[in-house]
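Before any comments, here is the structure.
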Amino acid sequence: MSNAQPLTELSADEIAAFRQEQQTAYETLKSSGLKLDLTRGKPSAQQLDLSNDLLKLPTTYVDEAGVDTRNYGGLQGLAKLREIFAELLWVEPEQLVAGGNSSLTMMRDTLYWLTLFGGVDSPRPWSQEEKVRFITPVPGYDRHHTLLESLGIEMVSVPMTPDGPDAAAVAELVANDPTIKGIWVVPTYSNPAGAVCTQEVAAQLASMPTAAPDFKIFWDNAYAFHHLTKDEAKSADILSLASAAGNPNRPIIFASTSKITFAGAGVGFLAASAPQVKWWLGHLANGSIGPDKLNHLRHAEFFGDAEGVRRHMRGHRDIIAPKFAEVQRILREKLGGKGIASWTDPIGGYFVSLDVLPGTATRVVQLAKEAGIALTPAGASYPYGTDPDDTNIRLAPTFPVPEEVTAAMEGVVTCVLLAAAEKLAG
Ligand code: PLP
């Protein structure tokens, strides 16, 4: 049988033989006693080591402006660090807040405050609306979905395209439905599809008429600088686009150093229009007398300037790009031309999105688990954890060492082939 022959073109006898072959390969896989994990979008120890000099910083506790970073105050975050990341995110330092160690927490706070108090342009708190809905491009980031679900905010899915969310579908939904209050966009190297939101899509989202006066774009730029190739995508300048379209308060940008320095001890950022930053800090002030400015200073000293961040990210690229290349090699060699799977080949970010034969994703994850390979649960990238086609699997190759990536992926393709053979054999 040709390696490139689509399985869907095989006769019943050929499928039966193919299934037997894959069953044998799977039994061998199972007996090899693997214990591997492709679930976690986490930096590896080798990546974390790139930032170990942070452990010796800061060298002083007084910043350039004479601020004693040991003390309370400075709610918006240390000026020098905001200057560095403002340049990288294409915003003004006054528009940027440097916070604690998690941008997801900043997203949660924003959503809570919109719900409890309403935003700068809300007629009333979202909790007083009869219904609040949010657009979720799929596949997307599971924690966006669970956060919305925790607040009872209904999710309306639109397809994620290689150019970002399907802008025409979004525009149609928001035009006449005032219950739709926002959309989540991961603009650069999206989780999990690796899509990059184009300037055109960003401009459409920034300018489209919305029935809700306080419609928000949660622009989660978690992978803004996380390039895998020299072809470095530049995020669209959503704040300027929205401002030019007369919707200055529509976008809120989020980013962090979680996958730049230490995932558990980095710095989260938020950027928005001046009134929206004021609104945000006003609510923050009820629960904080200032962020961890020592950590801000440590990061500012470590990077020095924006170029320091870019240089540092090239170090990450050198470590993880070979792992992504290995994932591609195995998928191409083992599944290419079989007509049962397609996958992304991202130029940045942390994930590969694999679509297997519809109706087999759950089976693939189960087979992998029984063979000692942990995969993200099927459906995890969809609201309520339900992929209507049971087709999508998120692969995260950054954390395991290279040999483990190879072994895990060899196992995954065996499971994909077996599940497809079972399905085709009926
Ligand atoms: N946003 C996206 C799209 C992510 O994939 C992740 C982590 O996986 C986060 C946010 C979490 O960010 P942080 O560590 O800054 O809370």
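Numbers in my numbering are just positions in the sequence shown, counted from 1, shifted up by 171.
Virtual Cβ for every residue (Gly too), placed ideally from N, Cα, C.
Taking the C-alpha atoms as reference points, what is the distance between residue i and residue j?
i      : j      : result
Val523 : Val345 : 30 angstroms
Met379 : Leu181 : 48 angstroms
Gly582 : Glu301 : 49 angstroms
Ala413 : Ile490 : 36 angstroms
Ala585 : Gly212 : Per the sequence shown, the amino acid found at residue 585 is Thr instead of Ala. If I take the Cα positions, the gap works out to 23 angstroms.
Val448 : Leu285 : 13 angstroms
Phe396 : Glu403 : 8 angstroms
Ser406 : Glu371 : 12 angstroms
Gln266 : Asn418 : 16 angstroms
Glu504 : Ala512 : 12 angstroms
Asn420 : Glu574 : 47 angstroms
Lys599 : Tyr312 : Because the chain is modelled from 172 through 597, residue 599 falls outside the range shown and cannot be assessed.
Trp355 : Pro308 : 7 angstroms
Leu259 : Ala532 : 38 angstroms
Asp561 : Glu263 : 43 angstroms
Val576 : Val329 : 32 angstroms
Val367 : Ala374 : 14 angstroms
Lys251 : Val238 : 11 angstroms
Trp450 : Pro294 : 15 angstroms
Ser222 : Ala342 : 42 angstroms
Leu399 : Ala183 : 42 angstroms
His487 : Ile431 : 8 angstroms
Met278 : Ile255 : 21 angstroms
Pro422 : Ile388 : 4 angstroms
Leu209 : Thr317 : 21 angstroms
Tyr281 : Leu441 : Here residue 281 turns out to be Thr, not Tyr, going by the sequence shown. Distance between the alpha carbons of Thr281 and Leu441: 10 angstroms.
Gly453 : Glu497 : 48 angstroms
Pro559 : Ala477 : 42 angstroms
Considering only residues of the same chain and omitting the five flanking positions on each side of residue i, which have a CB-CB separation below 7 angstroms?
i      : result
Leu228 : Arg469, Glu472 and Phe473
Ala456 : Leu246
Thr219 : Per the sequence presented here, residue 219 reads as Leu, with Thr not at that position. Cβ neighbours of Leu219 beyond the five flanking positions: Phe433.
Gly461 : Tyr243, Gly244, Gly245 and Leu246
Gly530 : Asp561 and Lys594
Asp224 : Phe473
Ala187 : Ala596
Between residue i and the rest of its own chain, which residues show a CB-CB distance below 6 angstroms, the 5 nearest in sequence each way excluded?
i      : result
Asp408 : Trp261
Arg304 : Glu325, Val327, Thr350 and Ile351
Gly365 : Thr515, Pro517 and Gly520
Gly290 : Asp385
Ser298 : Thr286
Lys201 : Ala542
Phe288 : Pro296
Thr557 : Gly550
Arg481 : none
Gln499 : Asp516
Buried or exposed: which applies to residue i, given that a residue is buried once 16 or more other Cβ atoms fall within 10 Å of its Cβ?
i      : result
Tyr360 : buried
Phe189 : buried
Ser215 : buried
Lys540 : exposed
Lys599 : Absent from the model: residue 599. The displayed extent of the chain is 172 to 597, so no value can be given.
Leu566 : buried
Arg253 : buried
Tyr553 : buried
Gly475 : exposed
Ala591 : buried
Arg534 : buried
Ala415 : exposed
Thr428 : buried
Gly248 : buried
Asp391 : buried
Gln193 : buried
Gly151 : As displayed, the chain neither begins before 172 nor continues past 597, which places residue 151 out of reach and without an answer.
Ser444 : buried
Answer yes or no: does any C-beta atom of chain D fall closer than 8 angstroms to that of residue i?
i      : result
Pro177 : The structure shown contains no chain D, having only a single protein chain.
Can you name, in chain order, every residue of its own chain whose Cβ lies under 8 angstroms from the Cβ of residue i, other than the five neighbours on each side?
i      : result
Ala578 : Leu205 and Leu207
Asn347 : Ala382
Ala340 : Val329 and Pro330
Gln176 : Gly508 and Lys509
Pro493 : Pro573
Q. Counting Cβ pairs closer than 8 angstroms, one from the region 464-476 and one from the region 220-236, do we hit at least three?
A. yes
| field | Entirely enclosed alpha helix (DSSP H) segments - the region 233-261, minimum 4 residues | value | 250-260
Alpha helix (DSSP H) segments (min. 4 residues) lying fully within the region 503-590 | The alpha helix (DSSP H) runs lying completely inside the region 503-590 and spanning 4 residues or more are 532-541, given in chain order.
Requested in this report: Decide if the region 264-277 is in contact with the region 422-438; the criterion is three or more beta carbon pairs, one per stretch, under 8 angstroms apart.
Outcome: Touching, yes.
**OP:** Counting only runs of 3+ residues fully inside the region 370-428, write out the beta strand (DSSP E) ranges in chain order.
**Re:** 387-391 and 422-427
Please give me, in chain order, every unbroken run of the alpha helix (DSSP H) with length at least 4 that falls completely inside the region 253-310. Taking only runs of at least 4 residues, the alpha helix (DSSP H) segments lying wholly in the region 253-310 are 274-288.
* Pick out the complete alpha helix (DSSP H) segments inside the region 424-471, 4 residues or longer, and give them in chain order. => Segments of the alpha helix (DSSP H) lying fully in the region 424-471: 445-455.
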